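Participant: Numbering of the sequence shown is given in UniProt numbering, commencing with residue 1 and proceeding in unit increments.
We treat Cβ as the ideally placed atom computed from N, Cα and C, and that holds for glycine.
All figures in this text were calculated on a predicted structure; none of them were measured in a lab.
Sharing a structure with you now.
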Amino acid sequence: MSGNSKKCEVIVTVQVFRCPRLQAPSRGSIAKCSDPVYGTECTFSCNEGYELLGSPSRECVLQNGLAPASWDGTQPVCQVKTCEVLPTAPLVIKSGCSAVPPDTEPYGTLCSFYCPYGHGGVGESQKRCQADGTWTSTNFTCGDFQPPTFTYCPFDFIVYASRGGFEADVTWNVTATDNEGLSPSISCNVQQGMMVEGDYSVTCVAMDTSRNSARCSFDVSVKSKEVMV
Numbered sequence: 001m002s003g004n005s006k007k008c009e010v011i012v013t014v015q016v017f018r019c020p021r022l023q024a025p026s027r028g029s030i031a032k033c034s035d036p037v038y039g040t041e042c043t044f045s046c047n048e049g050y051e052l053l054g055s056p057s058r059e060c061v062l063q064n065g066l067a068p069a070s071w072d073g074t075q076p077v078c079q080v081k082t083c084e085v086l087p088t089a090p091l092v093i094k095s096g097c098s099a100v101p102p103d104t105e106p107y108g109t110l111c112s113f114y115c116p117y118g119h120g121g122v123g124e125s126q127k128r129c130q131a132d133g134t135w136t137s138t139n140f141t142c143g144d145f146q147p148p149t150f151t152y153c154p155f156d157f158i159v160y161a162s163r164g165g166f167e168a169d170v171t172w173n174v175t176a177t178d179n180e181g182l183s184p185s186i187s188c189n190v191q192q193g194m195m196v197e198g199d200y201s202v203t204c205v206a207m208d209t210s211r212n213s214a215r216c217s218f219d220v221s222v223k224s225k226e227v228m229v
């Protein structure tokens, strides 16, 4: 053997194309994006109560097969979800949620409800805007549960018949007010007018438009005058 030999060297250069690092959207997160080399696909998501606008995923690509590498799609943003403005029933006062249509309330908004003095609430007094765009709990209403107030209820009194008679013309004055601003109706179990000698227990009932009632009671005595002989 002559011992002749030849050597062939091949140099292979591997170029790694990388894209700029992407940032997670505010109120969101990014995944599968620790080493953004060519071919990497990053995915995006939003926190509860927010929706993703833009590309949910972006891939590191070469435009027309040429460097530099860049991301396809558009940078996503997380937009807060909203609920429609809450309508309120008559007399209901709300706080913590001041938007009016066509505006909306953002996710997480806590709306509280109150009733004016003399009225009671029915239903949950708070509602929160949820991630699905709906409000929690049931509707809240205000009802009038306060009875009327007597501003004047007579004390017990005596009325004397005319001399030699056995009956007298009896009258009284009973007044009442109500928190709704309307005068309540007043009815008594004994009617005013001519009443014969005797003792009477009078009960007057004041009732408002919500059928709340209050009572006023007093005694009336009709007496005859003695005839001097």
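Using three-state DSSP, classify residue 172 as helix, strand or coil.
Facilitator: Looking up residue 172 in the sequence shown gives position 172. Correct three-state label for residue 172: coil.
Participant: Are the CB atoms of residue 133 and residue 94 within a distance shorter than 7 Å?
Facilitator: Along the sequence shown, one-based indexing puts residue 94 at 94. Along the sequence shown, one-based indexing puts residue 133 at 133. No; because the gap between Cβ atoms is not below 7 Å, this pair is not in contact.
Participant: Mapping the DSSP letters down to three states, classify residue 82 as helix, strand or coil.
Facilitator: Here residue 82 is taken as the residue at index 82 of the sequence shown, counted from 1. In the structure shown, residue 82 sits in a strand (DSSP, three-state: E or B).
Participant: Could you say if the stretch 101-117 and the stretch 68-85 meet the contact criterion of at least three C-beta pairs nearer than 8 Å?
Facilitator: Short answer: they touch.
Participant: Mind reading off the beta-carbon distance from residue 178 to residue 208? Whole number of angstroms is fine, and I expect it under 8 Å.
Facilitator: Here residue 178 refers to the residue found at position 178 when the sequence shown is read from its first residue. Here residue 208 refers to the residue found at position 208 when the sequence shown is read from its first residue. Right, their Cβ atoms sit about 4 Å apart.
Participant: From which residue to which residue does the beta strand (DSSP E) around residue 126 run?
Facilitator: Walking along the sequence shown from the start, residue 126 turns up at place 126. Looking at the DSSP string, the run of the beta strand (DSSP E) that includes residue 126 is 126-128.
Participant: On a CA-only basis, which of 25, 41 and 68 is nearest residue 78? Give me that one, please.
Facilitator: Mapped onto the sequence shown, residue 78 falls at position 78. Answer by Cα proximity: 25.
Participant: Would you mind working out which of 195, 130 and 60 sits nearest residue 73, comparing C-alpha positions?
Facilitator: Reading the sequence shown from its first residue, position 73 is the one you call residue 73. The residue with the shortest Cα to Cα distance from residue 73 is 60.
Participant: Kindly indicate the opening and closing residues of the beta strand (DSSP E) around residue 141.
Facilitator: In the sequence shown, the residue the question calls residue 141 occupies position 141. Looking at the DSSP string, the run of the beta strand (DSSP E) that includes residue 141 is 141-144.
Participant: On the CB-based measure, 16 or more other CB atoms within 10 Å of its CB, does residue 4 come out buried or exposed?
Facilitator: As a first step, residue 4 is located in the sequence shown; it is residue number 4 there, counting from the start. Exposed.
Participant: Between the beta-carbon of residue 98 and the beta-carbon of residue 113, is there less than 7 Å?
Facilitator: Taking the first residue of the sequence shown as position 1, residue 98 is located at position 98. Taking the first residue of the sequence shown as position 1, residue 113 is located at position 113. No. Outside cutoff.
Participant: Residue 191 by DSSP, collapsed to three states: which one?
Facilitator: Locating residue 191 in the sequence shown gives position 191, counting from the first residue. In the structure shown, residue 191 adopts coil according to DSSP, grouped into three states.
Participant: With a CB to CB cut of under 6 Å and the five nearest residues on each side skipped, what residues in its chain are close to residue 183?
Facilitator: To locate residue 183, count along the sequence shown from 1; it is residue 183. Excluding sequence neighbours, residue 183 sits near nothing in its chain.
Participant: Assuming residue 92 and residue 153 are in contact, meaning their beta carbons sit under 8 Å apart, how far apart are those beta carbons, in whole angstroms?
Facilitator: In the sequence shown, residue 92 corresponds to position 92, counting from 1. In the sequence shown, residue 153 corresponds to position 153, counting from 1. Rounded, the Cβ-Cβ distance is 34 Å, inconsistent with contact.
Participant: Roughly how many whole angstroms lie between the Cα atoms of residue 119 and residue 175?
Facilitator: Here the question's residue 119 lines up with position 119 in the sequence shown. Here the question's residue 175 lines up with position 175 in the sequence shown. Rounded to the nearest angstrom, the two C-alpha atoms are 22 Å apart.
Participant: Count the CB pairs spanning the stretch 5-14 and the stretch 52-71 that are closer than 8 Å, and state whether there are at least three.
Facilitator: With the rule of 3 Cβ pairs closer than 8 Å, the stretch 5-14 does not count as touching the stretch 52-71.
Participant: With a 10 Å radius around its C-beta and 16 neighbouring C-beta atoms as the bar for buried, classify residue 58 as buried or exposed.
Facilitator: The residue given as residue 58 occupies position 58 in the sequence shown. Buried is the call here.
Participant: Please report the Cβ distance between residue 55 and residue 68, rounded to the nearest whole angstrom; I am assuming they are in contact, meaning their Cβ atoms lie under 8 Å.
Facilitator: Here residue 55 corresponds to residue number 55 of the sequence shown, with the count starting at 1. Here residue 68 corresponds to residue number 68 of the sequence shown, with the count starting at 1. At roughly 20 Å, the Cβ-Cβ gap does not stay under 8 Å, so residue 55 and residue 68 are not in contact.
Participant: I think residue 46 touches residue 21, with their Cβ atoms under 8 Å apart; what is that distance to the nearest whole Å?
Facilitator: Here residue 46 is taken as the residue at index 46 of the sequence shown, counted from 1. Here residue 21 is taken as the residue at index 21 of the sequence shown, counted from 1. Contact between residue 46 and residue 21 is ruled out by a C-beta separation of about 20 Å, above the 8 Å threshold.
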